[in-house]
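Asks:
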Amino acid sequence: MEDGSWIARGIELITTEAVLAWVRAASYLGVGLLLARLVSRTLIRIAGRHLDAQQAMLVRRIGFYLVLVLAVVSALRELGFDLTVLLGAAGILTVAIGFASQTSASNLISGLFLIGERPFAVGDVIRVGDVTGEVLSIDMLSVKLRTFDNLMVRVPNESLVKSQLTNLTRFPIRRLDMQIGVAYREDINRVRETLMDVADREPLCLEEPRPLFIFLEFGDSALKLQFSVWAKRENFLELRNRMHPAVKEAFDRAGIDIPFPQRTLGSLAGEPFPVRVVSAGESGTDGSADAPPVDNTPR
């Protein structure tokens with residue numbers, strides 16, 4: 202009889218409402234997790250047709266966490282938790298966390314501005330300060346970049362909002378600006394024709410917009426020019442590597458001189474300095490010249 206009473210009590214304990222509530226709560230969590238994954242996959246499949254990669258990723262995360270939060274709330278209600286108390290505690294906790302992590306909150310708000318403004322998207326190449334790389338992801342706190350030497354750089358969203366940002370791949374074409382110096386004796390029109398001929402012969406240069414020739418200034422040792430050509434975005438680096446050697450070869454064929462920096466020395470009276478040529482046999486033991494100097498001053 203004693204054994205039968207213990208079995209009866211065990212069955213009564215298992216079938217109590219508390220245990221059933223825990224079972225229902227666990228069921229809500231399990232079903233909610235599966236449903237959240239199903240909803241996120243469906244959203245990414247649908248949103249991928251109309252949105253870019255970053256927006257589709259954001260929609261997927263929102264759908265996943267929304268369904269998961271609903272499942273957690275349902276489980277807590279089954280366990281008898283008062284949600285109003287939980288909401289109050291969550292509000293107090295949020296304020297405390299906000300004061301403790303002001304930098305994270307600033308990055309979070311900056312991330313919302315970046316997502317709304319959309320100055321770049323996943324896959325774009327951007328330059329921030331001295332860092333240039335491809336955007337891997339745009340998260341709520343930071344942006345992940347992959348540099349051209351295959352390094353991952355994390356840039357806080359607040360830094361992106363406050364600093365100057367350059368998107369190198371936003372538009373389909375780019376302009377290559379070449380700073381060129383030629384000697385003062387060169388004919389500017391002849392130089393211009395030579396550069397235009399180089400652009401016409403280069404298949405990667407676009408015919409429209411046309412190449413641009415600009416006279417910049419009279420430099421210290423050269424006439425400073427700018428020659429600009431346009432190319433498709435994907436051909437920009439190859440064009441830059443091909444144009445500079447092509448310009449050098451064209452200048453060599455045409456006899457156009459690219460000067461190096463020069464300096465002219467003169468006396469205050471405007472007279473040129475005399476030049477003395479001293480041979481090794483004419484110099485003394487102390488290195489001074491025994492013979493009189495040869496005056497090569499121009500007459």
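Here the sequence shown stands for residues 202 to 500, where the numbers follow the numbering used here. Ideal Cβ positions, reconstructed from N, Cα and C, are used throughout, including at glycine.
Using 7 Å as the cut-off, classify the Cβ of Ile327 as near or not near the heavy atoms of the ligand SAH, replying yes or no.
Replies: With respect to the ligand SAH, the structure shown offers nothing to examine, as it has no ligands at all.
Asks: My guess is that Ser429 and Arg393 are in contact by the Cβ rule of under 8 Å, so how many angstroms apart are they, rounded?
Replies: Not really, about 13 Å apart at Cβ, beyond 8 Å.
Asks: Can you give me the C-alpha to C-alpha distance between Val232 and Gly264, rounded to a whole angstrom?
Replies: If you take the alpha carbons of Val232 and Gly264, they lie about 15 Å apart.
Asks: Apply the 10 Å Cβ neighbour rule to Thr395 and answer buried if 16 or more other Cβ atoms are within range, or exposed otherwise.
Replies: Thr395 should be labelled buried.
Asks: How would you label Val224, buried or exposed, when you count the other beta carbons within 10 angstroms and need 16 or more for buried?
Replies: So Val224 counts as exposed.
Asks: With DSSP run on the structure shown, which of helix, strand or coil describes Pro436?
Replies: In the sequence under discussion, the amino acid at residue 436 is Asn, which differs from the Pro named in the question. Residue state, collapsed to three classes: helix.
Asks: Using 8 Å for Cβ pairs, my map puts Arg319 next to Glu335. What's the rounded Cβ distance?
Replies: Not quite, the Cβ-Cβ distance comes to about 17 Å (not below 8 Å), so this is no contact.
Asks: Along the chain, where does the beta strand (DSSP E) containing Glu335 start, and where does it finish?
Replies: Looking at the DSSP string, the run of the beta strand (DSSP E) that includes Glu335 is Val332 to Ile339.
Asks: I need the straight-line Cα distance from Ala455 to Asp401, nearest angstrom please.
Replies: Computed Cα separation, rounded: 16 Å.
Asks: Do you know how far the Cα of Arg371 is from the Cα of Val273?
Replies: Answer to the nearest angstrom: the Cα atoms are 42 Å apart.
Asks: Which residues does DSSP pair with Pro410 in a beta bridge?
Replies: Paired residues: none, contrary to the question.
Asks: Based on the DSSP output, what are the partners of Pro460 in its beta bridges?
Replies: In the DSSP output, where bridge partners are listed per residue, Pro460 has none listed.
Asks: For the putative contact between Val356 and Val326, defined by C-beta atoms under 8 Å, what is the C-beta separation to the nearest angstrom?
Replies: Actually they do not touch by this definition, with Cβ atoms about 14 Å apart.
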